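What follows is a set of notes on a single structure, which appears directly below.
In full-length UniProt numbering, the protein residues as written are 1 to 97.
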C-alpha cells in the first residue's frame, strides 16, 4: 500500500484543545482503518511541525479523503508527502532506462 508522511500543525482550535490530542489521534486511526488504511505511527514533535504521522492507504484518493475528513474537524492543517520504500524506488529508478 502507498505510504504517506504528514507534517501537521495545530490550528488555534487544535492548540486550545491540546488535551484531546491523544483521543483525536486514536479516532483518526479508527477512521483510517474504516477507510481501508492504517495510521502506522504518530509522533508529537518540537520544531516547525507539531505532529508527524505515517500512514498507508490503498490509493491517493483514499488517502486524500482521509486527510480532508480529519482536517475538516478544524484542529489541524497538513502537508503530506507520498513516500516510496526501497523496493518502490528500485522500480522507479529501473524506469530511467
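Glycine included, C-beta positions come from ideal geometry on N, C-alpha and C. Keep in mind the model is a prediction, meaning the values are calculated, not measured.
Among the options, the one whose alpha carbon lies nearest that of residue i
i          : options        : result
residue 72 : 10, 3, 55, 1   : 10
residue 34 : 8, 58, 23, 84  : 58
residue 25 : 96, 89, 69     : 69
residue 16 : 75, 43, 88, 96 : 75
residue 43 : 93, 63, 21, 36 : 21
Sequence-distant residues of the same chain with beta carbon closer than 7 Å to residue i, five excluded per side
i          : result
residue 32 : 38, 39, 55, 66
residue 49 : 7, 8, 9
6 Å CB neighbourhood of residue i in its chain, flanking five on each side removed
i         : result
residue 6 : 53, 78, 80
residue 3 : 56, 83
Those residues which DSSP pairs with residue i across a bridge
i          : result
residue 6  : 53, 80
residue 38 : 56
| request: Let me know the beta strand (DSSP E) ranges lying completely inside the stretch 57-97, each 3 residues or longer, listed in chain order. | output: 76-83
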